[in-house]
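Accompanying notes for the structure given below.
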DNA sequence: TTGTAGGCGTTATCAA
DNA sequence: TTGATAACGCCTACAA
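Protein chains in written order, with the numbering used here: chain P, 1469 to 1811; chain A, 1469 to 1811.
What follows is the structure in structure tokens.
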């Protein structure tokens, strides 16, 4: 199963390899006629240049890699689409690399950087609690997008684009309080990590405090473990558990929209109504939150703007402007949907 | 920004490159002491082996690539998860490559095959109407999964796993007829391509015919163009258009669940009810179709089983069993949800 | 147990 | 306008 190489093509055409290379890469200094002949032979022999060899040789490729943690999270969909559009417009190649749960994003980046001679990297999602030192090892520019509150965990010298999870979840829980809710459950997960659950929980606590409401451990409901943690199923099962427990809360703050939707379904199946029996609030502002019935009250993250800001920083860094490194915090927007109600 | 290579490490340790190589790759025939020393130096010098060089040298890597067309389609999520699990269990490396709308999947595969020395390829989604010849150029085993009715468009010699879109959409439209609907709209897209729209439309027509109902062009509503075609938004806008047109249909067959959900929302916003005013049916059996209120009547595709079958075929082919090549057609399952009603 | 040298498939540099 | 030839970074006989 030996595959055809540039040498074979050269032989078949009776020319040198460098001539073939010039033909392939549209380099100047080649006779149009020989070029055509070579291209025709290539066409017929189903020759495909080996990218590994190319990467090895080429000093720099115009490529940006986006590393996502949790690619099946639909929150990332519009961000990825925007990245793709933006990067294409810049005539760069876009590579999307997914990182699974137990992989270390920075290690993958380190490998990829060498392998592909990247121009830049975007880390989308994920946690970086103790990878700061490893991040320093990267030699190409990178930006963190939607990584959990980098401004606090990481240094100011690490460029990032995000929303202040703590502040925004404060905002939505405060809203729940403002429409009369005094007994608000939170669907979240243990705060062991420094991930979204932690920060959104902080916001929840602050809002309660501001409104003079006591924080009760019994109002905290833990979501499923594992990679289904933030899914509809997780919200559904957690809500079922809550309903069975005879909780007296009047509102639920779900750590994201998918969980909120699952909760709504469980409430519906119990013969109760959202928002009449329970108000339910989510977080993220997924498209689905607007098509769901009832539409979900949520915090909309300005995903397109965040994606653009991320790449603007990245490309400026690529152009050598290191002064641009910054932590951009976008404001979220409280979207009042049909899933919450004054009490 | 010259990066450190295996030679540098060798020099720093005062050993030869092959010794370093042995240390990195856990090869036998190396003194434990020198190995430890080398690994320590590597650790300190943030050396990362270059994968391009490795791929170039190595004859075969234990890796399977999955090429998806339309990665933000949540229908693929559980399939991808299953692939990942399965491939990891086989101790293979899993690579997910996304293919954008205007890219040719087979070309990407051809490149990747050379670049990474793959063991096998899965094509997930997408259309292959006239890539059959190109497919022949691939020299590693591959299987098509969820590619539009390969049994009909392609030859029997191309292994595939899918559901019979025509038959299944017949099934669900026939169900709508069986509960009394005689005026059924379809939300689809122009049949120019050989994609899902075409086959599901065929099933729709067949079901009408079987039930003695005339097919009306006026009952066909075209979805949005472009990559939002099969989204909730598309279903939403199309339903709005339909409602304004004063259609007299009593049921809607949406080409997939997302479209069905968008349609439900539009009907809701018009002050009408699903299923009382309109029955709405979808296709795919997304998780969301079960959490939506009302839950969506749909055809559930057995995604996990399909994923497993795909890889079983692929691995058998990798093991040299060419006789296994086949077109497996899984049956879909009609899930009657709350979005449809007898009339 | 270790080191040297050649080659993987390209591209880039030089002469021709 | 072309064609040798030397890298690119790594792995692997083979030799020591």
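Note that CB positions come from ideal geometry on N, CA and C, so glycine has one too.
Nearest-angstrom Cα separation, counted from residue j out to residue i
i               : j               : result
residue 1618(P) : residue 1472(P) : With a pLDDT of only 45 at residue 1618(P), under 50, the local geometry of the prediction cannot be trusted, and the value read off the model is given with reservation. Between residue 1618(P) and residue 1472(P), the C-alpha separation is close to 48 Å.
residue 1766(P) : residue 1631(P) : 14 Å
residue 1644(P) : residue 1774(P) : 26 Å
residue 1615(P) : residue 1628(P) : 8 Å
residue 1528(P) : residue 1600(A) : 35 Å
residue 1664(P) : residue 1633(P) : 7 Å
residue 1790(P) : residue 1572(P) : 26 Å
residue 1566(A) : residue 1557(P) : 18 Å
residue 1649(P) : residue 1569(P) : 36 Å
residue 1474(P) : residue 1799(P) : 53 Å
residue 1560(P) : residue 1554(P) : 9 Å
residue 1502(P) : residue 1530(P) : 28 Å
residue 1575(A) : residue 1517(P) : 11 Å
residue 1696(P) : residue 1492(A) : 35 Å
residue 1677(P) : residue 1658(P) : 20 Å
residue 1736(P) : residue 1679(A) : 35 Å
residue 1757(P) : residue 1760(A) : 11 Å
residue 1792(P) : residue 1784(P) : 7 Å
residue 1788(A) : residue 1484(A) : 39 Å
residue 1745(A) : residue 1685(P) : 45 Å
residue 1479(P) : residue 1494(A) : 39 Å
residue 1496(A) : residue 1496(P) : 49 Å
residue 1521(P) : residue 1470(P) : 16 Å
Distance CB(residue i)-CB(residue j) smaller than 8 Å
i               : j               : result
residue 1805(P) : residue 1770(P) : no
residue 1706(P) : residue 1749(P) : no
residue 1747(A) : residue 1726(A) : no
residue 1681(P) : residue 1751(P) : no
residue 1612(A) : residue 1578(A) : no
residue 1477(P) : residue 1515(P) : yes
residue 1647(A) : residue 1772(A) : no
residue 1585(A) : residue 1523(A) : yes
residue 1779(P) : residue 1551(P) : yes
residue 1689(A) : residue 1709(A) : yes
residue 1723(P) : residue 1656(P) : yes
residue 1794(P) : residue 1803(P) : no
residue 1764(P) : residue 1728(P) : yes
residue 1549(P) : residue 1540(A) : yes
residue 1498(A) : residue 1481(A) : no
Cut-off 6 Å between Cβ atoms - residues of its own chain near residue i, not counting five sequence neighbours on either side
i               : result
residue 1801(P) : 1768
residue 1704(P) : 1730, 1733 and 1734
residue 1796(A) : 1629 and 1777
residue 1738(A) : 1711
residue 1547(A) : 1771 and 1775
residue 1674(P) : 1638
residue 1610(A) : 1589
Spatial neighbours of residue i in its chain, beta-carbon cut-off 7 Å, leaving aside the 5 residues before and after
i               : result
residue 1672(P) : 1637, 1641, 1654 and 1721
residue 1608(P) : 1581, 1586, 1587, 1588 and 1589
residue 1635(P) : 1671
residue 1426(A) : No information on residue 1426(A) is available, as it lies outside the stretch 1469 to 1811 that chain A covers here.
residue 1545(A) : none
Contact set for residue i: own chain, Cβ-Cβ below 8 Å, skip 5 residues either direction
i               : result
residue 1687(A) : 1651, 1652, 1653, 1654, 1715 and 1717
Where residue i falls, given that 16 or more other Cβ within 10 Å makes a residue buried
i               : result
residue 1693(A) : exposed
residue 1754(A) : buried
residue 1701(P) : buried
residue 1454(P) : Residue 1454(P) falls outside the range modelled here, since chain P spans only 1469 to 1811, and no answer is possible.
residue 1526(A) : exposed
residue 1583(A) : buried
residue 1719(P) : buried
residue 1504(P) : exposed
residue 1500(P) : exposed
Residue i beta carbon near the ligand FAD (any heavy atom closer than 7 Å)
i               : result
residue 1546(P) : No copy of the ligand FAD occurs in the structure displayed, which carries no ligand at all.
Point to revise | Inter-stretch contact at 8 Å, needing at least 3 Cβ pairs: the segment 1707-1717 of chain A / the segment 1667-1674 of chain A | key: The segment 1707-1717 of chain A is not in contact with the segment 1667-1674 of chain A.
Check your understanding: Are at least three pairs of beta-carbons, each pair with one atom in the segment 1478-1489 of chain P and one in the segment 1504-1523 of chain P, less than 8 Å apart?
Key -> The segment 1478-1489 of chain P makes contact with the segment 1504-1523 of chain P: 3 or more CB pairs, one atom from each, lie closer than 8 Å.
Practice item. Could you tell me whether the segment 1529-1537 of chain A touches the segment 1577-1592 of chain A, using the rule of 3 or more Cβ pairs below 8 Å? Key: The segment 1529-1537 of chain A, when compared against the segment 1577-1592 of chain A, does touch it at the 8 Å Cβ threshold.
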